[in-house]
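Engineer: As numbered in our numbering, residues -7 to 194 make up the sequence shown, in order.
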Amino acid sequence: MKKKFTTIVVIFAIAFLFGIGNIILAQTEPLPPAGEKGIAPPPRPYRQAPFRKFKRSKERISKKIELIKMWRLIDELNLDEETAVKLFPKLKDIEKKRQELEQKKRKILFSIRRELREKNPNPQKLSTLITEFRKNRMELANFLNRSVDKLDGILTVEQQAKYILFIQEFPREIKRILQEARRGERTYRRRFLPPERRRERP
-7 MKKKFTTIVV IFAIAFLFGI GNIILAQTEP LPPAGEKGIA PPPRPYRQAP
43 FRKFKRSKER ISKKIELIKM WRLIDELNLD EETAVKLFPK LKDIEKKRQE
93 LEQKKRKILF SIRRELREKN PNPQKLSTLI TEFRKNRMEL ANFLNRSVDK
143 LDGILTVEQQ AKYILFIQEF PREIKRILQE ARRGERTYRR RFLPPERRRE
193 RP
């Protein structure tokens, strides 16, 4: 049962990650005859999909990352189907709250940078922002501790230990994947875009 469940998750993760679903649908559509009057021959793949189409929205990327995370958790924690069904709704709630705290932290840091750019930064305002940052940092630390406690009764002690390591290492893995994607983006620009457009952002 676990093997079948894991296989299904992996298939969906890979399909969404690489857009295989759209490719498969495209393969089933017959191409028009190249020689018919008024019908142009099918364009080359990179002409058919301009570079701007390679840019993914933040929401879509987040969903793909969550699918990868789900797949990795099943593998790393050796989850069976019953445990996974209990675990993932909990993790979804935990992730939502974490993102709210992270967003608050980004806003505080943005405000600090903006104030420091002023010719005469306001010490009182900076002091308030520093206090908010410290409070946010404590909230994040306490939240992460509580989030592990919420997994009691769902995960074994060994699985909880693996989960703690996973949440520390997974962001670094995603960062590496995104860096590789950016290198691929630069390669695409060098190969397919005219020289005058290679430095433009899509």
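Ideal Cβ placement from N, Cα and C applies to all residues, glycine included.
Helix, strand or coil for Asp72 per DSSP?
Structural biologist: coil
Engineer: Please classify Ile66 as buried or exposed, where buried requires at least 16 other C-beta atoms within 10 Å of its C-beta.
Structural biologist: buried
Engineer: According to DSSP, is Arg174 part of a helix, a strand, or is it coil?
Structural biologist: Assigned with DSSP and collapsed to three states, Arg174 falls in helix.
Engineer: Starting from Leu118, trace the alpha helix (DSSP H) in both directions and tell me its first and last residue.
Structural biologist: Pro115 to Asp141
Engineer: Give the single residue among Phe125, Met130 and Ala153 whose Cα lies nearest to the Cα of Leu69.
Structural biologist: The shortest C-alpha separation from Leu69 is found at Ala153.
Engineer: Have a look at Ile100 and Ser139 and give me their C-alpha separation to the nearest angstrom.
Structural biologist: 23 Å
Engineer: Here's a check: name, in chain order, each residue in its chain whose Cβ is nearer than 7 Å to the Cβ of Lys45, leaving out the five neighbours to either side.
Structural biologist: In this prediction, Lys45 scores a pLDDT of 48, lower than 50, which makes its location untrustworthy; the coordinate-derived value is nonetheless stated afterwards. For Lys45, where only same-chain residues beyond five positions count, there are no Cβ hits under 7 Å.
Engineer: Which of the three DSSP states is assigned to Phe46 in this structure?
Structural biologist: Any reading at Phe46 must be qualified, since the residue scores a pLDDT of 46, below 50, and its modelled position is unreliable; the value itself is stated next. Three-state DSSP puts Phe46 in a helix.
Engineer: Comparing alpha-carbon positions, which option in Ile166, Gly145, Leu136 and Thr148 lies nearest Lys88?
Structural biologist: Nearest of Ile166, Gly145, Leu136 and Thr148 to Lys88, Cα basis: Leu136.
Engineer: For Ile205, count the other beta carbons within 10 Å of its own beta carbon; 16 or more makes it buried, fewer makes it exposed. Which is it?
Structural biologist: Residue 205 lies beyond the range of the chain shown here (-7 to 194); nothing can be said about it.
Engineer: Are Arg64 and Phe162 closer than 8 Å when you measure CB to CB?
Structural biologist: yes
Engineer: At the level of alpha carbons, what is the spacing between Phe80 and Ile146?
Structural biologist: 10 Å
Engineer: Go ahead and label Leu157 buried or exposed: buried means 16 or more other beta carbons lie within 10 angstroms of its beta carbon, across all protein chains shown.
Structural biologist: exposed
Engineer: What does a CB cutoff of less than 8 Å around Lys96 pick up in its chain, not counting 5 residues either side in sequence?
Structural biologist: Asn128
Engineer: Just the Cα atoms here: how many angstroms apart are Ile210 and Ile104?
Structural biologist: No information on residue 210 is available, as it lies outside the stretch -7 to 194 that the chain covers here.
Engineer: Am I right that Ile166 and Ile86 are in contact with their C-beta atoms under 8 Å? What's the rounded C-beta distance?
Structural biologist: Not confirmed; about 17 Å, so no contact.
Engineer: Assign Ala173 to one of two classes, buried (16 or more other C-beta atoms within 10 Å of its C-beta) or exposed (fewer than that).
Structural biologist: exposed
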